[in-house]
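Q: Dropping the structure in here first, questions after.
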Amino acid sequence: MKMSLTTKYGILNGLSRCEFYDCGSIRECTLNSFNQIPTNYGVLLAQYDDSNPRKKFTKSMSFYESGALKTIALEEQTLIRTPAGTFTAELISFYESGAIKRLFPLNGKITGYWSEDDEYKMASELTLKIGNETIKTKAISIYFYESGAIKGLTLWPQDRLKVSIPSGKTIYARIGSTFYSDGSIKSLEPYIPVGVDTPIGKLEAFNASAIGINGDTNSLRFDTSGKVIHLMTSTDKITVTVPSGTDTSYQPRLVPNPLIPDKKEISPLTVEFKGNQVIFNNSARYDIDKHSFEVSPSFFTDYASSCGDCGSCKAYSSCTLP
Numbered sequence: 001m002k003m004s005l006t007t008k009y010g011i012l013n014g015l016s017r018c019e020f021y022d023c024g025s026i027r028e029c030t031l032n033s034f035n036q037i038p039t040n041y042g043v044l045l046a047q048y049d050d051s052n053p054r055k056k057f058t059k060s061m062s063f064y065e066s067g068a069l070k071t072i073a074l075e076e077q078t079l080i081r082t083p084a085g086t087f088t089a090e091l092i093s094f095y096e097s098g099a100i101k102r103l104f105p106l107n108g109k110i111t112g113y114w115s116e117d118d119e120y121k122m123a124s125e126l127t128l129k130i131g132n133e134t135i136k137t138k139a140i141s142i143y144f145y146e147s148g149a150i151k152g153l154t155l156w157p158q159d160r161l162k163v164s165i166p167s168g169k170t171i172y173a174r175i176g177s178t179f180y181s182d183g184s185i186k187s188l189e190p191y192i193p194v195g196v197d198t199p200i201g202k203l204e205a206f207n208a209s210a211i212g213i214n215g216d217t218n219s220l221r222f223d224t225s226g227k228v229i230h231l232m233t234s235t236d237k238i239t240v241t242v243p244s245g246t247d248t249s250y251q252p253r254l255v256p257n258p259l260i261p262d263k264k265e266i267s268p269l270t271v272e273f274k275g276n277q278v279i280f281n282n283s284a285r286y287d288i289d290k291h292s293f294e295v296s297p298s299f300f301t302d303y304a305s306s307c308g309d310c311g312s313c314k315a316y317s318s319c320t321l322p
């Protein structure tokens, strides 16, 4: 294989592995020698030495089909200046324009010798400018708009982010949050059930089964005017009455835990608002102005978490679940 290659960033030397698009342009490569890459954020040193036990064995760089840089793993933590603040980075992804898309302050390899807790201890608190506010938190990654404004944050499992929602209430988010380009809140994953006003009444927003892969898609979402457009509830039962007087109820369900056969967990009720309609679990639709809605506690109100310890359950004596 060719040990060097000419790109729009200059000649890459010490290529140990390469993949190419069908058109012949480079898709990604792994380097084993010193290469400096010019970018809009300064000259960056691509990873070429993975002998440190903490370093991932990963591609050094990837590219768009146009030849523009898509991702770069950095040889060492590097200071990157952005419109939202200055941050250290070990991995960066880019838009095709050259603007930063995502920035990862750390990119260590989690093994039996280097745990997530070890990685977390290395993480520094970041100072981020989001709209007119300044937020301080640790983060696994920062997601940017092409303009340079912060689009979202993915949090460490140990951390909570204090967020102001459009109602004026301040709540704590876990997993992550996303923002509109002006800095207003777009979505978040509530840490505990939080009451929010909706077109069908106040609902307790909380996803008991949320998995913290990233903070891009969260259960509590707002439109640009601050109205709730999507949530999940793990505690509420919603009864819909049609004009004829017939009632239909929607509430969270207990489902088998995919990892622990003898344990069950809550599958939250998804509630979405589109125009004059409310949609339950992505299927049942109702015109809000033609139906009445009653919100009441579901069976799971006192324990919006996995159900499996019958002996300590508050509702054990009246439980009808299998």
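1 is the number of the first residue of the sequence shown in UniProt numbering; add one for each residue after it.
We treat Cβ as the ideally placed atom computed from N, Cα and C, and that holds for glycine.
If you're wondering where the values come from, they're calculated on a predicted model, not measured in any experiment.
Only counting the same chain, and skipping five residues up and downstream in sequence, which positions put a Cβ closer than 6 Å to that of Asn32?
A: Reading the sequence shown from its first residue, position 32 is the one you call residue 32. These residues qualify, in order along the chain: Gly14, Ser16 and Tyr48.
Q: With H, G and I counted as helix, E and B as strand and the rest as coil, what does DSSP make of Ile288?
A: What you label residue 288 is simply residue 288 of the sequence shown in a count that begins at 1. Ile288: helix per DSSP, three-state reduction.
Q: Which ranges does the beta strand (DSSP E) cover as unbroken runs of at least 3 residues, wholly within the region 94-150, from first to last along the chain?
A: Under the rule that a run must span 3 or more residues, the beta strand (DSSP E) segments found entirely inside the region 94-150 read 100-104, 126-130, 133-137 and 141-144.
Q: Quick one: Cα of Asp309 to Cα of Pro193, how far?
A: For the purposes of this step, residue 309 is identified with residue 309 of the sequence shown, where counting begins at 1. For the purposes of this step, residue 193 is identified with residue 193 of the sequence shown, where counting begins at 1. Low per-residue confidence applies at Asp309: pLDDT is 44, beneath 50, and the placement is therefore not dependable enough to give any value.
Q: To which residues does DSSP link Cys23 through a beta bridge?
A: Against the sequence shown, residue 23 aligns to sequence position 23. Paired residue(s): none; Cys23 is not in a bridge.
Q: Between the Cα of Arg160 and those of Ala149, Tyr145 and Ile135, spot the shortest distance and give me the residue it belongs to.
A: In the sequence shown, residue 160 corresponds to position 160, counting from 1. Nearest C-alpha to Arg160: Ile135.
Q: Rounded to a whole number of angstroms, what is the C-alpha to C-alpha distance between Gly195 and Ile171?
A: Along the sequence shown, read from residue 1 onward, the residue named residue 195 stands at position 195. Along the sequence shown, read from residue 1 onward, the residue named residue 171 stands at position 171. Rounded to the nearest whole angstrom, the C-alpha separation of Gly195 and Ile171 is 10 Å.
Q: Report buried or exposed for Ser164, applying the criterion of at least 16 other Cβ atoms within 10 angstroms of its Cβ.
A: Locating residue 164 in the sequence shown gives position 164, where the first residue counts as 1. Label assigned to Ser164: exposed.
Q: Per DSSP, what are the beta-bridge partners of Tyr172 in this structure?
A: Against the sequence shown, residue 172 aligns to sequence position 172. Lys162, per the DSSP bridge assignment.
Q: How many Å lie between Gly245 and Ser184 at the Cα?
A: Position 245 of the sequence shown, counted from the first residue, corresponds to residue 245. Position 184 of the sequence shown, counted from the first residue, corresponds to residue 184. Gly245 and Ser184: Cα-Cα distance of roughly 41 Å.
Q: Classify Phe87: buried if its beta carbon has 16 or more other beta carbons within 10 angstroms, exposed otherwise.
A: Translated into the one-based positions of the sequence shown, residue 87 becomes position 87. The residue in question, Phe87, is buried, as its Cβ has 16 or more Cβ neighbours within 10 Å.
Q: Spatial neighbours of Cys29 within its chain, please: CB distance less than 7 Å, with the 5 preceding and 5 following residues excluded, ordered by chain position.
A: As a working mapping, residue 29 is identified with position 29 in the sequence shown. Leu12, Leu15, Arg17, Cys18, Lys59, Ser60 and Met61.
Q: Taking its Cβ as the centre, do 16 or more other Cβ atoms sit within 10 Å of Ile142, making it buried, or is it exposed?
A: For the purposes of this step, residue 142 is taken as residue 142 along the sequence shown, with counting starting at 1. Looking at its Cβ environment, which holds 16 or more other Cβ atoms inside 10 Å, Ile142 is buried.
Q: Which value, in whole angstroms, describes the spacing of the CA atoms of Phe206 and Gly152?
A: One-based indexing of the sequence shown puts residue 206 at position 206. One-based indexing of the sequence shown puts residue 152 at position 152. The straight-line gap from Cα to Cα measures roughly 19 Å.
Q: Assign Ser234 to buried or exposed, taking buried as 16 or more other Cβ atoms, counted over all protein chains shown, within 10 Å of its Cβ.
A: Locating residue 234 in the sequence shown gives position 234, counting from the first residue. By the 10 Å Cβ count, Ser234 comes out buried.
Q: By DSSP, does Gln277 sit in helix, in strand, or in coil?
A: As a first step, residue 277 must be located in the sequence shown, where it is residue number 277. Note: Gln277 maps to strand in three-state DSSP.
Q: Where Thr224 and Glu204 are concerned, what is the direct C-alpha to C-alpha distance, given to the nearest angstrom?
A: Indexing the sequence shown from 1 puts residue 224 at position 224. Indexing the sequence shown from 1 puts residue 204 at position 204. Using only the alpha carbons, I get a separation of about 21 Å.
Q: Can you have a look at Ala284 and say buried or exposed, based on whether 16 or more other CB atoms are within 10 angstroms of its CB?
A: What you label residue 284 is simply residue 284 of the sequence shown in a count that begins at 1. Its Cβ having fewer than 16 others within 10 Å, Ala284 is exposed.
Q: Below 6 Å CB to CB, which residues in the same chain sit around Asp247 once its five sequence neighbours on both sides are set aside?
A: Working through the sequence shown from its first residue, we reach residue 247 at position 247. The residues are Thr239 and Thr241.
Q: Would you call the region 68-75 in contact with the region 88-102, where contact means no fewer than 3 C-beta pairs closer than 8 Å?
A: yes
Q: Where Pro268 and Asn282 are concerned, what is the direct C-alpha to C-alpha distance, given to the nearest angstrom?
A: Taking the sequence shown and counting its residues from 1, one reaches residue 268 at position 268. Taking the sequence shown and counting its residues from 1, one reaches residue 282 at position 282. Each residue's Cα considered, the two are about 12 Å apart.
Q: Quick check: Leu220 and Leu188, are their CB atoms within less than 8 Å of each other?
A: Within the sequence shown, numbered from 1, the residue matching residue 220 stands at position 220. Within the sequence shown, numbered from 1, the residue matching residue 188 stands at position 188. Cβ atoms of Leu220 and Leu188: closer than 8 Å.
Q: List the residues that DSSP assigns as beta-bridge partners of Met61.
A: Along the sequence shown, read from residue 1 onward, the residue named residue 61 stands at position 61. According to DSSP, Met61 bridges with Cys29 and Ile72.
Q: Got a sec? Which residues, its chain only, sit under 7 Å from Lys290 by beta carbon, not counting five neighbours each side?
A: On the sequence shown, position 290 is the one that residue 290 refers to. Correct list, in chain order: Pro243.
Q: Kindly indicate which three-state DSSP category Gln77 falls into: helix, strand or coil?
A: Indexing the sequence shown from 1 puts residue 77 at position 77. DSSP places Gln77 in strand when its eight states are reduced to three.
Q: Does the Cβ-Cβ distance between Pro105 and Ala139 come in under 8 Å?
A: Here residue 105 refers to the residue found at position 105 when the sequence shown is read from its first residue. Here residue 139 refers to the residue found at position 139 when the sequence shown is read from its first residue. Cβ distance < 8 Å, so Pro105 and Ala139 count as in contact.
Q: Pull the bridge partners of Phe299 from the DSSP assignment, please.
A: In the sequence shown, counting from the first residue as 1, residue 299 sits at position 299. DSSP output for Phe299 lists no bridge partner at all.
Q: Please classify Arg174 as buried or exposed, where buried requires at least 16 other C-beta atoms within 10 Å of its C-beta.
A: Numbered from 1 along the sequence shown, position 174 holds the residue referred to as residue 174. Per the 10 Å Cβ criterion, buried.
Q: If I'm right that Lys186 touches Thr178 with Cβ under 8 Å, what's the distance once you round it to whole angstroms?
A: The count along the sequence shown starts at 1 and reaches residue 186 at position 186. The count along the sequence shown starts at 1 and reaches residue 178 at position 178. With a Cβ gap of about 4 Å, Lys186 and Thr178 count as contacting.
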